[in-house]
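Residues in the sequence shown are numbered consecutively from 1, following UniProt numbering.
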Amino acid sequence: MDHNDYVKAAYRSILRSDFAEAITLFEAAIAASPDDAEVRYRCSITYARSGMLDRALEHAVAARRLDGTKQEYQLHLQHLQALQLVQEAKRLLEDEVAEAVNPYHPITLLKEAVSLDPLYGDAYVWLAIAHSRMNEHLQAIAVLKEVMSLHPDDSGLRLLMKDLQKSLQKYIQ
């Protein structure tokens with residue numbers, strides 16, 4: 001089968017919500033044409049939607065390496081890198097031992113995630129939470145205001161803002 005046939009079959013699988021089969025077909029297309037950046041990019045998207053971030057990153061890096069001219073490849077790669085940084089920061093925030101070693105490390109990771117993907121709302125939310133945990137409530141509120149400007153109708157963000165403002169009031173008293 002030609003690599004384009006595998007790609008067409010992968011899209012049919014996606015339409016049936018069979019993402020595991022789509023991934024298998026994209027991988028077959030890559031095996032048939034390993035230097036096709038577009039197939040790597042599409043495969044990366046499918047892996048990402050399936051929650052397989054490591055494999056998604058692998059193919060996103062390959063797509064960017066094979067064709068550095070396409071902005072969507074770079075933006076996709078940056079989004080995946082931001083996702084990875086947020087996951088690591090969340091893990092560190094939940095790990096009391098890691099928090100004791102370097103409590104500012106999650107903030108550093110989350111700031112990098114925001115710089116990689118300024119539209120990734122979760123990175124802002126976790127950055128606000130990380131600042132709040134360090135009793136940096138003003139920074140937390142400032143970060144939350146940024147994400148609220150991106151998502152002005154998000155009621156969850158408004159609730160979080162109220163919680164942060166209460167935390168600030170308690171901290172001041």
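Just so you know, even glycine gets a beta-carbon here, dropped at the ideal spot from N, CA and C.
- If the five residues before and after tyrosine 120 are omitted, its C-beta is found closer than 8 Å to the C-beta atoms of His79, Ala82, Leu83, Val86, Ala113 and Val114, all from its own chain and listed in chain order.
- A Cβ-Cβ contact shorter than 8 Å links alanine 140 with leucine 164.
- The DSSP-derived three-state label of asparagine 102 is coil.
- Positions of the alpha helix (DSSP H) runs, each at least 4 residues long and wholly inside the segment 105-136, are given as 105-116 and 121-133 in order along the chain.
- For the pair lysine 70 and histidine 3, the Cα-to-Cα distance works out to about 21 Å.
- Cβ-Cβ separation between alanine 28 and tyrosine 47: approximately 14 Å, too far for a contact (criterion under 8 Å).
- The Cβ atoms of isoleucine 14 and alanine 20 do not sit closer than 8 Å to each other.
- DSSP places threonine 24 in the uninterrupted alpha helix (DSSP H) bounded by 19-32.
- Between tyrosine 104 and histidine 137, the CB-CB gap reaches or exceeds 8 Å.
- The Cβ atoms of alanine 60 and serine 44 lie closer than 8 Å to each other.
- In the same chain as glutamine 74, and ignoring 5 residues on each side of it, the C-beta atoms closer than 7 Å to its own belong to Arg64, in chain order.
- For the 8 Å CB-CB criterion, arginine 49 and leucine 66 do not form a contact.
- For lysine 70, no alpha helix (DSSP H) run applies, since DSSP gives it neither H nor E.
- As the crow flies, the alpha-carbon of proline 118 is around 21 Å from that of leucine 93.
- The beta carbon of asparagine 135 lies closer than 8 Å to those of Tyr171 in the same chain, with the five residues before and after it left out.
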